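> Numbered per the working numbering, the sequence shown spans residues 11 to 576.
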Amino acid sequence: MHDFVILCRVQLLGLLNSLAPGHRNHGKRRTKGRIALAALGYVVLAVICVGYLFMMGCGLVALGLANAIPVFAVLAGALGGVGFAFAKTRGTLFELTDFDHVMALPVPRRTVVASRLASLYLASVATSILLAGPLYAAYFLETGATVPGVVCAAVTVVLAPAIPVSIAVFASFGLTALAARFRHANSAYIVLTLALITALVVGIYGFSFAMPRQDDAAAMAMVTSLASTASSGIATFWPPANWAASAVTSGSVVSLLLFVGLSLAIPALTLEVIQRNYLALTGMLVARTGRRSGPAQRARADQAARTDAAAPVSMRSRTPFQALLHKEFATMVGVPAYAINCLFGYVFLIVIAIALSVVGLRDLLLSGVIDGVDLSAQDIDAALGQIMLIVPWMFAFFATMSPTAACSVSMEGRGAWIMETLPIPPRTVLGAKLAANAIPVAAVLALCTGVLLGTGQIAPVTALEILIVGFGGFYLVTCIALHLDARNPNLDWSSPNEVVKRGLPVMVCVFGGMAIGFGGGAGTMLLSAVTEVTVGHVVTLAVGAVAIVAGQLIFEHTCRTAKLQY
Numbered sequence: 011m012h013d014f015v016i017l018c019r020v021q022l023l024g025l026l027n028s029l030a031p032g033h034r035n036h037g038k039r040r041t042k043g044r045i046a047l048a049a050l051g052y053v054v055l056a057v058i059c060v061g062y063l064f065m066m067g068c069g070l071v072a073l074g075l076a077n078a079i080p081v082f083a084v085l086a087g088a089l090g091g092v093g094f095a096f097a098k099t100r101g102t103l104f105e106l107t108d109f110d111h112v113m114a115l116p117v118p119r120r121t122v123v124a125s126r127l128a129s130l131y132l133a134s135v136a137t138s139i140l141l142a143g144p145l146y147a148a149y150f151l152e153t154g155a156t157v158p159g160v161v162c163a164a165v166t167v168v169l170a171p172a173i174p175v176s177i178a179v180f181a182s183f184g185l186t187a188l189a190a191r192f193r194h195a196n197s198a199y200i201v202l203t204l205a206l207i208t209a210l211v212v213g214i215y216g217f218s219f220a221m222p223r224q225d226d227a228a229a230m231a232m233v234t235s236l237a238s239t240a241s242s243g244i245a246t247f248w249p250p251a252n253w254a255a256s257a258v259t260s261g262s263v264v265s266l267l268l269f270v271g272l273s274l275a276i277p278a279l280t281l282e283v284i285q286r287n288y289l290a291l292t293g294m295l296v297a298r299t300g301r302r303s304g305p306a307q308r309a310r311a312d313q314a315a316r317t318d319a320a321a322p323v324s325m326r327s328r329t330p331f332q333a334l335l336h337k338e339f340a341t342m343v344g345v346p347a348y349a350i351n352c353l354f355g356y357v358f359l360i361v362i363a364i365a366l367s368v369v370g371l372r373d374l375l376l377s378g379v380i381d382g383v384d385l386s387a388q389d390i391d392a393a394l395g396q397i398m399l400i401v402p403w404m405f406a407f408f409a410t411m412s413p414t415a416a417c418s419v420s421m422e423g424r425g426a427w428i429m430e431t432l433p434i435p436p437r438t439v440l441g442a443k444l445a446a447n448a449i450p451v452a453a454v455l456a457l458c459t460g461v462l463l464g465t466g467q468i469a470p471v472t473a474l475e476i477l478i479v480g481f482g483g484f485y486l487v488t489c490i491a492l493h494l495d496a497r498n499p500n501l502d503w504s505s506p507n508e509v510v511k512r513g514l515p516v517m518v519c520v521f522g523g524m525a526i527g528f529g530g531g532a533g534t535m536l537l538s539a540v541t542e543v544t545v546g547h548v549v550t551l552a553v554g555a556v557a558i559v560a561g562q563l564i565f566e567h568t569c570r571t572a573k574l575q576y
């Protein structure tokens, strides 16, 4: 037990350190400072989330559905950490830089695996407390708190994630085992994940748009019916939620024992299956990595070299820029965390273009699905010119959500010495990194513009604005982020998530994109309201052009000052 506690402490410290952006070689004081700053940000987000969920619980009470709250609370606590656990399982179990040292410890394999998985469960429990706690607070304020009810609620909050997180961990473990036998596993994983994100976004907003427009009384009745149906459906199709709700609302001891027993049995079974196959699967992953430089790979490389030598000179030569560009694209596909976190902006751009081309902005505003927008057809016709000024800035915002170049220098990691020793100028290296990001963004923006223009949803001037402002906003913030990354990269990361999720350059892209998208849209709307719509279009095009020029100047400065010697 003592060994398990020590290993869990190491895992939790690593998790806390990974949640704050920064370099691992910073001093202890700076490390504590950035962790404290990151913790403050998470606290602010947690307060917002708690307030929102508490209001949701009060809303259910107002609808007369107080007894349905425990079911929703258990579901929220159960599903809150599923995505986190699924995404982190592979890295937690297999992507270890200290694997040999850990497995050489005089500690049973079951204890090592349990300590690795414990961090995922503890994170899920924290998420469950954050999501289910406010709902239970609203419930007990309405029904009155009793000691048995509060104890049962506390037990359900702690154990609610156990079953779904175990399923997510086992699914990720199974996919990892499958990936060990599948050559293109990373590409398939990226495509499937992006497809799931797209389906989730389309499903949520599609459901909202499909809701019929009704008066307040009818809408309230529909919401009440949907909430009641959802509660019954959850209780039917997820029996643990029904058992937990029965224990909280009626104090059923049998239901509580069933819930606790199953919530402990499933994780225990998952742990046993994983620890029995842990070494075998790890060996397969290591062997798969070794095959990349094994005899078969060398034979294919020799064959490719002979084919290349037999080809005409004009065909077999590849410039350093082309080789580096190909390498950047291969890095994106080869690192799932890099691709998923930096490529979903392309998906959003395409989804928005298709949605606007199918529904139409005018019909969307008339449908009443946008909260606070209740305009007649005449009002929309009169104001549509000003409303269309927002569209280019919306595309600019989503274009900045694909910043692969922002952290591309840090992504070199411990292999940065290769980049440092290449006999080519920094302009070629950085230019390839920027081009690998700029070319897809420009292509996607052109595709979206063609779709909207072809369906008649936008005018030619708006199409030009989408291209110039969308690319200009992306280019400016990406060049700024690339400058920061080239000046002070994080090359000692142990997980790509430290760079692509919590690195300073990526944060600059996120907040810079928000400032450009929301600030530019609001400013253009106000300007056109004070003057006229034509002035808004002229300013939009001018700002986009200036952003492109400014981004290029920043890139030129980066090429002159970056030494790429770390």
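Every residue gets a Cβ at the ideal spot worked out from N, C-alpha and C, and that includes glycine. On a predicted model such as this, the values are computed, not experimentally measured, just so you know.
Taking the CB atoms as reference points, tell me whether G523 and T410 lie closer together than 8 Å.
Yes. Within cutoff.
> Between which two residues does the alpha helix (DSSP H) holding R120 run?
Taken as a continuous stretch (DSSP letters only), the alpha helix (DSSP H) holding R120 covers 119-153.
> Taking the beta carbon of G480 as the centre, do at least 16 other beta carbons fall within 10 Å, making it buried, or is it exposed?
Answer is buried; the Cβ neighbour count reaches 16.
> Quick check on the DSSP output: the alpha helix (DSSP H) that includes A456 runs from which residue to which?
That run of the alpha helix (DSSP H) goes 436-464.
> Using the Cβ count rule (16 or more neighbours within 10 Å means buried), how would you classify R424?
Classification for R424: exposed.
> Contact check, V451 vs S420 under 8 Å by CB: the rounded distance?
Not a contact, Cβ separation roughly 20 Å.
> With a cut-off of 8 Å on the beta carbons, I'd call A446 and A496 a contact; round off their distance for me.
At roughly 15 Å, the Cβ-Cβ gap does not stay under 8 Å, so A446 and A496 are not in contact.
> Please list, in chain order, all residues of the same chain as V160 whose beta carbon is under 8 Å from its beta carbon, the five residues on each side excluded.
So the list reads F150, once near-sequence residues are dropped.
> Using the three-state DSSP reduction, which class does D13 fall into: helix, strand or coil?
Reduced to three states, the DSSP call for D13 is helix.
> Please decide whether V71 counts as near chain D, where near means a Cβ-Cβ distance under 8 Å.
The chain labelled as chain D is not found in the depicted structure, where only one protein chain is given.
> Using the rule of at least 16 other Cβ atoms within 10 Å of the residue's Cβ for burial, across every protein chain shown, is V15 buried or exposed?
Exposed.
> When the distance is taken between beta carbons, is L353 closer than 8 Å to L204?
Yes, the Cβ-Cβ distance between L204 and L353 is below 8 Å.
> Counting Cβ pairs, one atom from each stretch, are 3 or more of them under 8 Å apart for the region 506-518 and the region 430-441?
No, the region 506-518 is not in contact with the region 430-441.
> Please report the Cβ distance between T166 and V81, rounded to the nearest whole angstrom; I am assuming they are in contact, meaning their Cβ atoms lie under 8 Å.
Not confirmed; about 10 Å, so no contact.
> Assuming L486 and A473 are in contact, meaning their beta carbons sit under 8 Å apart, how far apart are those beta carbons, in whole angstroms?
With a Cβ gap of about 21 Å, L486 and A473 do not count as contacting.
> Please report how far the alpha carbon of A560 lies from the alpha carbon of C417, in whole angstroms.
Approximately 20 Å, taken between the alpha carbons.
> In angstroms, rounded to a whole number, what distance separates the CA positions of S138 and Y131?
Each residue's Cα considered, the two are about 10 Å apart.
> Let me confirm a value: E8 is counted as buried when at least 16 other C-beta atoms fall within 10 Å, else exposed. Which label applies?
Residue coverage of the chain in this structure runs from 11 to 576, which leaves residue 8 outside it and unanswerable.
> Examine the Cβ distances between the region 44-61 and the region 118-128 and report whether three or more of them are shorter than 8 Å.
Counting Cβ pairs under 8 Å, fewer than three are found: no touch.
> For the alpha helix (DSSP H) that T259 lies in, which residues bound it at each end?
From DSSP, the alpha helix (DSSP H) with T259 extends over 249-260.
> Could you check whether P171 and G93 sit closer than 8 Å to each other, using their CB atoms as the reference points?
Against a cut-off of 8 Å, the Cβ pair of P171 and G93 comes out as no contact.
> Are there any heavy atoms of the ligand ADP lying less than 7 Å away from the beta-carbon of K511, as far as the coordinates show?
Ligands displayed in this structure: none; no statement on the ligand ADP is therefore possible.
> Are the beta-carbon atoms of W253 and L274 separated by less than 8 Å?
In this structure, L274 does not lie closer than 8 Å to W253 by Cβ.
> Since V518 is in the alpha helix (DSSP H), which residue starts that stretch and which ends it?
514-524 is the extent of the alpha helix (DSSP H) around V518.
> Straight-line CA distance for P346 to Y356?
Going by the C-alpha atoms only, they are around 15 Å apart.
> Where does C569 fall in DSSP's three states?
The answer is helix: DSSP assigns C569 an H, G or I state.
> May I ask you to report which of helix, strand or coil DSSP gives I79?
Helix, per DSSP.
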